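First comes the structure, then the notes that go with it.
Numbering (UniProt numbering), first residue to last: 1 to 118.
Quick look at the structure:
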């Protein structure tokens with residue numbers, strides 16, 4: 001991910017949480033800056049990304065954060081459930097780096113136009 005976000009370094013900072021518990025600890029720590037948006041995979045080590053999404057959206061301090069699913073799953077059930085649980089967007093990971101780069105470029109441009117980041 002660092003590689004595809006690299007060209008946006010002036011406008012976007014990327015923090016990758018090594019684990020779901022560490023992500024929640026960071027997000028719930030008073031005084032730490034909150035991200036403008038979260039990218040969340042559905043397949044996480046030891047966790048379901050959909051369950052993480054549900055927990056984020058049920059937390060009164062975090063529910064307002066835009067959550068974008070970035071997943072290799074193109075299963076319509078996964079996509080429908082993500083939107084049911086209030087994902088802001090669902091991006092399907094492509095098989096090539098140049099297509100992923102184009103997706104991330106569009107993602108950053110979209111969120112900047114919406115004044116969510118940068």
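Positions of the beta carbon are idealized from the N, C-alpha and C atoms, including for glycine.
The model shown is predicted, which means the values in this text are computed figures rather than measured ones.
message: Among 4, 94, 40 and 6, whose alpha-carbon lies nearest the alpha-carbon of residue 20?
response: As a working note, residue 20 is residue 20 in the chain shown. Comparing Cα positions, the closest option is 40.
query: Should the stretch 43 to 53 be called in touch with the stretch 70 to 79, which here means at least 3 C-beta pairs below 8 Å?
result: Judged by Cβ distances under 8 Å, the stretch 43 to 53 makes contact with the stretch 70 to 79, as three or more pairs qualify.
Cutoff 6 Å; reference residue 103; Cβ partners in own chain excluding five residues on either side: As a working mapping, residue 103 is identified with position 103 in the chain shown. Contacts found: 91.
message: Short of 7 Å in beta carbon distance, which residues of its chain neighbour residue 88, apart from the five on each side in sequence? Order them along the chain.
response: The sequence position of residue 88 within the chain shown is 88, counting from 1. These residues qualify, in order along the chain: 66, 67 and 68.
Inter-residue spacing [alpha-carbon to alpha-carbon] between residue 50 and residue 95: Taking the chain shown and counting its residues from 1, one reaches residue 50 at position 50. Taking the chain shown and counting its residues from 1, one reaches residue 95 at position 95. The alpha-carbon atoms of residue 50 and residue 95 are separated by roughly 22 Å.
query: Where does residue 118 fall in DSSP's three states?
result: Here residue 118 is taken as the residue at index 118 of the chain shown, counted from 1. Confidence at residue 118 is low in this model, with a pLDDT of 48, below 50, so its placement is unreliable and the value that follows should be read with caution. Residue 118 falls in the coil class under three-state DSSP.
message: The beta strand (DSSP E) that contains residue 67, what's its start and end?
response: Along the chain shown, read from residue 1 onward, the residue named residue 67 stands at position 67. For residue 67, the enclosing beta strand (DSSP E) starts and ends at 67 to 71.
query: Which residue or residues does DSSP assign as beta-bridge partners of residue 90?
result: For this step, residue 90 is matched to residue 90 along the chain shown. Answer is 69.
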